[in-house]
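Residue numbers (the numbering used here): 9 to 251.
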């Protein structure tokens, strides 16, 4: 196996803990090892452990209680159904919960595809907030959130500091909008020179690109998300019931 195909450490930790839960080593109702214990056993950093535990909680494998620790719930039905939605994850997770830096925060002309997702004319001026996400000190993805100008006004999206809450919570509290659903599209393309440099990608490796159109209950576009994932470090999984 080449080094490029090895999953990030947080993903490996998620898989290891899931296997232990499924095997019964961590039985439902039992207390999960502490962050320090997991760091020592798996020789990983605290941000890696925190990221893995957040994913397990979001997917329903574990729960946490203030002052009491984390408890095993067991294998949830369709565990990957909610946790495998990249667009949703980046909208609901606080920016301070992940490593990363703001690489762009500006008013820009909307590219054709993003304009279509936002329901505006191409080249319409919109606000762009772009983050370079890292895991274990290595860049792993680029997340861009595109917001109509009127929705970005009076918010902290222009700040160079990471938000202590998810973009969804921030916009809903500041602007009074209500996110209802996300329509995701997945495609692939080769990275630009700048993208390949930012992500440290070797030549010949494509990007998986996830586009998410965020809408309210009436179907009105509110924001759009673009997630760039190097194909040699990520895989997308889905699960759904058979009716």
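All C-beta atoms in this analysis are idealised placements derived from N, C-alpha and C, irrespective of residue type, glycine included.
Quick caveat, the model's predicted, so the values are computed rather than measured.
(message) If you measure between the beta carbons of residue 3 and residue 139, is that distance less than 8 angstroms?
(response) Since the first residue shown for the chain is 9 and the last is 251, residue 3 is missing from the structure and cannot be characterised.
(request) Assign residue 209 to one of two classes, buried (16 or more other C-beta atoms within 10 Å of its C-beta) or exposed (fewer than that). (result) By one-based count along the chain shown, residue 209 stands at place 201. With 16 or more other Cβ atoms within 10 Å, it is buried.
(message) If you follow the beta strand (DSSP E) that residue 71 is in, where does it begin and where does it stop?
(response) By 1-based counting over the chain shown, the position of residue 71 is 63. Taken as a continuous stretch (DSSP letters only), the beta strand (DSSP E) holding residue 71 covers 70-73.
(request) Mind checking which residues open and close the alpha helix (DSSP H) that includes residue 60? (result) Within the chain shown, numbered from 1, the residue matching residue 60 stands at position 52. Looking at the DSSP string, the run of the alpha helix (DSSP H) that includes residue 60 is 54-67.
(request) Spatial neighbours of residue 214 within its chain, please: CB distance less than 6 angstroms, with the 5 preceding and 5 following residues excluded, ordered by chain position. (result) Reading the chain shown from its first residue, position 206 is the one you call residue 214. The answer, listed in chain order, is 196, 198 and 239.
(message) If we require 3 or more residues per run, which beta strand (DSSP E) segments fall completely within the segment 135-171?
(response) 146-156
(request) Consult DSSP for residue 79 and reduce its assignment to one of helix, strand or coil. (result) Stepping through the chain shown from its first residue, residue 79 is reached at position 71. The answer is strand: DSSP assigns residue 79 an E or B state.
(request) Pick helix, strand or coil for residue 23, following the three-state DSSP scheme. (result) For the purposes of this step, residue 23 is taken as residue 15 along the chain shown, with counting starting at 1. Note: residue 23 maps to helix in three-state DSSP.
(request) Could you pull out every residue in the same chain whose Cβ sits closer than 8 angstroms to the Cβ of residue 87, ignoring the five residues on either side in sequence? (result) As a working note, residue 87 is residue 79 in the chain shown. Low local confidence applies: a pLDDT of 47 at residue 87 is under 50, so the model's placement there is unreliable, with the coordinate-based value given in what follows. The answer, listed in chain order, is 26, 67, 68, 69 and 247.
(message) Using the Cβ count rule (16 or more neighbours within 10 Å means buried), how would you classify residue 268?
(response) Outside the displayed span of the chain (9 to 251) sits residue 268, for which this structure offers no information.
(request) Can you give me the Cβ contacts of residue 119 inside the same chain, cut-off strictly under 8 angstroms, excluding the 5 residues immediately before and after it? (result) On the chain shown, residue 119 is found 111 positions in, with the first residue counted as 1. Contacts found: 130.
(message) Could you check whether residue 237 and residue 222 sit closer than 8 angstroms to each other, using their CB atoms as the reference points?
(response) Residue 222 sits at position 214 when you count from the first residue of the chain shown. Residue 237 sits at position 229 when you count from the first residue of the chain shown. Contact flag unset, no.
(message) Among the candidates 189, 126, 71 and 121, whose CA atom is the shortest distance from the CA of residue 97?
(response) For the purposes of this step, residue 97 is taken as residue 89 along the chain shown, with counting starting at 1. When each option's Cα is compared against that of residue 97, the closest is 189.
(request) Kindly indicate which three-state DSSP category residue 204 falls into: helix, strand or coil? (result) Taking the chain shown and counting its residues from 1, one reaches residue 204 at position 196. Three-state result, residue 204: helix.
(message) For residue 59, which residues in the same chain have their Cβ closer than 6 angstroms to its Cβ, ignoring the five residues on either side in sequence?
(response) Walking along the chain shown from the start, residue 59 turns up at place 51. Answer for residue 59: 18, listed in chain order.
(message) When you compare the CB of residue 219 with every CB in chain D, is at least one pair closer than 8 angstroms?
(response) Absent from the structure: chain D. Only one protein chain is present.
(request) Have a look at residue 12 and residue 241 and give me their C-alpha separation to the nearest angstrom. (result) Start at 1 with the first residue of the chain shown, and residue 12 comes out as number 4. Start at 1 with the first residue of the chain shown, and residue 241 comes out as number 233. Any reading at residue 12 needs caution, since the residue's pLDDT is 35, under 50, leaving its predicted position unreliable; the model's value is listed next. Near 7 angstroms, if we compare the C-alpha coordinates of residue 241 and residue 12.
(message) I'd like the span of the alpha helix (DSSP H) that includes residue 43, first residue to last.
(response) Start at 1 with the first residue of the chain shown, and residue 43 comes out as number 35. Residue 43 -> alpha helix (DSSP H) spans 43-50.
(message) Check whether the segment 179-189 and the segment 199-207 touch, using three or more Cβ-Cβ pairs below 8 angstroms as the test.
(response) no
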